[in-house]
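In what follows, a structure is listed as structure tokens, so that the remarks can point back to it.
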Ligand code: 13P
């Protein structure tokens, strides 16, 4: 049985004061739903205060990105070692917004994946096709490339630290959600490909999150699909009630 895993990606939102209030609310919601693993990814400027609030809570803290070197002349970047040292346990790698606006490629994703594993972090590795790619019937080709290149060189042991987040780019922040059937079709394929990279057993244990306009009203249906094990939530993770509603709807009670 895979434990549902819900992560809130706060993106470039939240000053420290609202971040503290939101973190406190997430801690309460997580305590009320012990059947779900919960993480939040605040902006770098709020990591310290959020880590402080969540220290004795079941909520894990992630960063939204990392660099692939452990230190050096890389102005503006954070290394996986710094992230770990600060007290974070997770890192999101390869989000489509980083691919789209900041030149992230499958190769840099792979470098970051290896660096984050070396630092002992848990990873959420994001993949997803654009609308153009879906309409050109390239969805599976794109996802297979992103998955295989992003995870190249990882063995069974390393993959135990990896969660995959399937986020169709056309569903992010648009209000459009992949139908549960569309998402399931992709998740099943992803798990089959993971079975090529690792053992079937490992592939069966790995969590594959769905992301893209997840909200309390659609999470139950998504989570009822056999290969959807959680969600990476953007907009709805910024409001305590909607994030709590997503936690509540993400497991069979
Ligand atoms: P939304 O939930 O706002 O669509 O964002 C999804 C996302 O990009 C999470 O990483």
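In this note's numbering, the protein residues as written are 96 to 348. In this text, a Cβ means the ideal position worked out from N, Cα and C, and glycines have one as well.
Rounded C-alpha distance that separates residue i from residue j
i           : j           : result
residue 144 : residue 232 : 44 Å
residue 130 : residue 272 : 25 Å
residue 293 : residue 168 : 35 Å
residue 163 : residue 156 : 19 Å
residue 149 : residue 112 : 15 Å
residue 206 : residue 106 : 22 Å
residue 120 : residue 194 : 31 Å
residue 284 : residue 322 : 9 Å
residue 309 : residue 248 : 31 Å
residue 230 : residue 262 : 16 Å
residue 213 : residue 269 : 35 Å
residue 117 : residue 319 : 27 Å
residue 242 : residue 336 : 33 Å
residue 166 : residue 114 : 28 Å
residue 344 : residue 333 : 17 Å
residue 173 : residue 135 : 17 Å
residue 267 : residue 328 : 9 Å
residue 281 : residue 252 : 24 Å
residue 239 : residue 264 : 15 Å
residue 338 : residue 290 : 32 Å
residue 142 : residue 297 : 31 Å
residue 186 : residue 215 : 10 Å
residue 315 : residue 154 : 21 Å
residue 303 : residue 204 : 17 Å
DSSP bridge partner residues for residue i (one or two, in chain order)
i           : result
residue 331 : Beta-bridge pairing links residue 331 to no other residue.
residue 185 : 157 and 217
residue 280 : Note: residue 280 sits in no beta bridge, so no partner.
residue 148 : Partner(s): none; residue 148 has no beta bridge.
residue 222 : 261
Backbone secondary structure at residue i - three-state DSSP
i           : result
residue 107 : coil
residue 169 : coil
residue 267 : coil
residue 306 : strand
residue 260 : strand
residue 273 : coil
residue 116 : helix
residue 255 : coil
residue 102 : strand
residue 133 : strand
residue 69  : Because the chain in this structure spans residues 96 to 348, residue 69 falls outside the shown range and cannot be described.
residue 139 : helix
residue 346 : coil
residue 180 : helix
residue 162 : coil
Status (buried if at least 16 other CB within 10 Å, exposed otherwise) for residue i
i           : result
residue 137 : buried
residue 132 : buried
residue 100 : buried
residue 110 : exposed
residue 255 : exposed
residue 127 : exposed
residue 274 : exposed
residue 301 : buried
residue 125 : buried
residue 224 : buried
residue 234 : buried
residue 276 : exposed
Whole-Å CB distance - residue i paired with residue j, under 8 Å assumed
i           : j           : result
residue 260 : residue 306 : 5 Å
residue 244 : residue 202 : 7 Å
residue 393 : residue 317 : The structure shown does not extend to residue 393, since the chain spans only 96 to 348, so no value can be given for it.
residue 237 : residue 220 : The Cβ separation is near 15 Å, so there is no contact.
residue 210 : residue 161 : 7 Å
residue 178 : residue 200 : Contact flag wrong, Cβ pair sits at about 21 Å.
residue 354 : residue 258 : Limits of the chain in this structure are 96 at one end and 348 at the other, which puts residue 354 out of reach.
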